[in-house]
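Count along the sequence shown starting at 1, add 57, and that's the number in the numbering used here.
Using N, Cα and C, we set each Cβ at its ideal position, and we do this for glycine too.
Below: one structure, written as structure tokens.
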Amino acid sequence: MGNFKDLNRISKGANMKALPLVGAGLVFAVAVSLAAAPGAPSWRMKADYVEACSCHLFCQCYFNKQAEHPMCEFNMAVTVREGHSGNVNLANAKYWLTGDIGDKWGTEKKGSWVTVSFDPKTSQAQRDALAPIIIKTYGLEWPELKVQESPIEIHQSGDIVEAKLADGTQAYMKLKREPGADGKGVVLRNVNYFNAVQNDGFQLYKSIEHRADVNGHQFSYSDRNAFLITIVSQEPGTR
58 MGNFKDLNRI
68 SKGANMKALP
78 LVGAGLVFAV
88 AVSLAAAPGA
98 PSWRMKADYV
108 EACSCHLFCQ
118 CYFNKQAEHP
128 MCEFNMAVTV
138 REGHSGNVNL
148 ANAKYWLTGD
158 IGDKWGTEKK
168 GSWVTVSFDP
178 KTSQAQRDAL
188 APIIIKTYGL
198 EWPELKVQES
208 PIEIHQSGDI
218 VEAKLADGTQ
228 AYMKLKREPG
238 ADGKGVVLRN
248 VNYFNAVQND
258 GFQLYKSIEH
268 RADVNGHQFS
278 YSDRNAFLIT
288 IVSQEPGTR
């Protein structure tokens with residue numbers, strides 16, 4: 058039976074292999090309880106996301122309880138702008154989420170599968186601190202949850218954003234900003250991002266190329282939903 062220590066242990070990426078967490082429901086329950094336990098250190102994270110999925114623009118998961126297909130295969134490249142968990146500074150940590158929230162996330166709070174990839178420059182203390190924060194931000198159980206270590210690159214030039222996991226061999230996103238009526242970018246505001254307490258709006262993009270080949274899962278899309286967003290996730294009561 059997997060436990061929260063297993064998540065921290067395999068987040069070290071010592072053997073560079075992804076390992077499954079059996080009993081992921083228990084893992085999530087324990088992690089969430091730790092994040093909210095009385096007397097536990099307060100935590101707060103402000104993070105910049107590059108995100109793409111298999112839905113058409115705009116992803117209907119943010120307004121409905123079922124995905125479009127009904128699945129929503131995604132990549133999320135995340136850079137922590139600032140944050141802390143206890144005395145651990147989370148600034149500049151990077152992680153990447155690849156997965157599918159499936160067709161039960163809205164009704165049963167269960168995703169399908171997810172792989173969490175930590176950049177090698179993200180310290181072990183940061184990985185340990187981020188594990189429950191990631192879980193708390195989405196509030197889902199995952200029957201298949203794996204953790205690995207792989208380098209993450211994110212570049213933006215004008216209206217184009219590129220993000221690579223393992224130099225693009227494991228996952229890749231090339232996105233183009235969606236123009237509005239005035240030719241400038243479109244920003245969707247006043248919409249929740251899962252359990253994040255705050256966001257600065259969804260900067261709408263479309264995928265030129267969006268793919269993954271991670272732990273036995275493969276997908277590839279283009280001309281689908283994508284966006285950039287900055288979110289704040291924090292422990293209830295933290296200011």
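Query	Result
Which residues bound the alpha helix (DSSP H) around residue 162?	162–165
For a test of the three-state rule: what should DSSP assign to residue 179, helix, strand or coil?	coil
With 16 as the cutoff for other CB atoms within 10 Å, does residue 132 come out buried or exposed?	buried
Give the secondary structure of residue 71 by DSSP, where H, G and I count as helix, E and B as strand, and everything else as coil.	For residue 71, the predicted structure reports a pLDDT of 38, less than 50, and the residue's modelled location is therefore unreliable. A value from the coordinates is still provided. In the structure shown, residue 71 sits in coil (DSSP, three-state: anything other than H, G, I, E or B).
Quick check: the Cα distance between residue 127 and residue 189, rounded to an integer number of angstroms?	27 Å
Say whether chain D places a C-beta atom closer than 8 Å to the C-beta of residue 259.	Although the question refers to chain D, the structure presented lacks it and comprises just one protein chain.
Assuming residue 151 contacts residue 136 (C-beta within less than 8 Å), just tell me the rounded distance between them.	5 Å
Can you find the residues in the same chain that come closer than 7 Å, C-beta to C-beta, to residue 113, ignoring five residues on each side of it along the sequence?	125, 281 and 282
For residue 267, count the other beta carbons within 10 Å of its own beta carbon; 16 or more makes it buried, fewer makes it exposed. Which is it?	buried
Quick one: using the 10 Å Cβ neighbour count with 16 as the cut-off for buried, is residue 284 buried or exposed?	buried
Check whether the Cβ atoms of residue 227 and residue 269 sit closer than 8 Å, and answer yes or no.	yes
Buried or exposed: which applies to residue 144, given that a residue is buried once 16 or more other Cβ atoms fall within 10 Å of its Cβ?	exposed
For residue 286, does the three-state DSSP call read helix, strand or coil?	strand
Using 10 angstroms around the beta-carbon of residue 176, count the other beta-carbons present and answer buried if the total reaches 16, otherwise exposed.	buried
Leaving out five residues before and five after residue 211 in sequence, what residues of the same chain have Cβ atoms less than 7 Å from its Cβ?	107, 134, 136 and 220
Any idea if residue 224 is buried or exposed, counting beta-carbon neighbours within 10 angstroms, 16 or more meaning buried?	exposed
If the criterion is Cβ atoms closer than 8 Å, does the pair residue 110 and residue 130 meet it?	yes
Identify whether residue 220 lies in helix, strand or coil by the three-state DSSP scheme.	strand
Got a sec, what are the start and stop residues for the beta strand (DSSP E) residue 277 sits in?	274–278
Measuring straight from C-alpha to C-alpha, what distance separates residue 202 and residue 173?	8 Å
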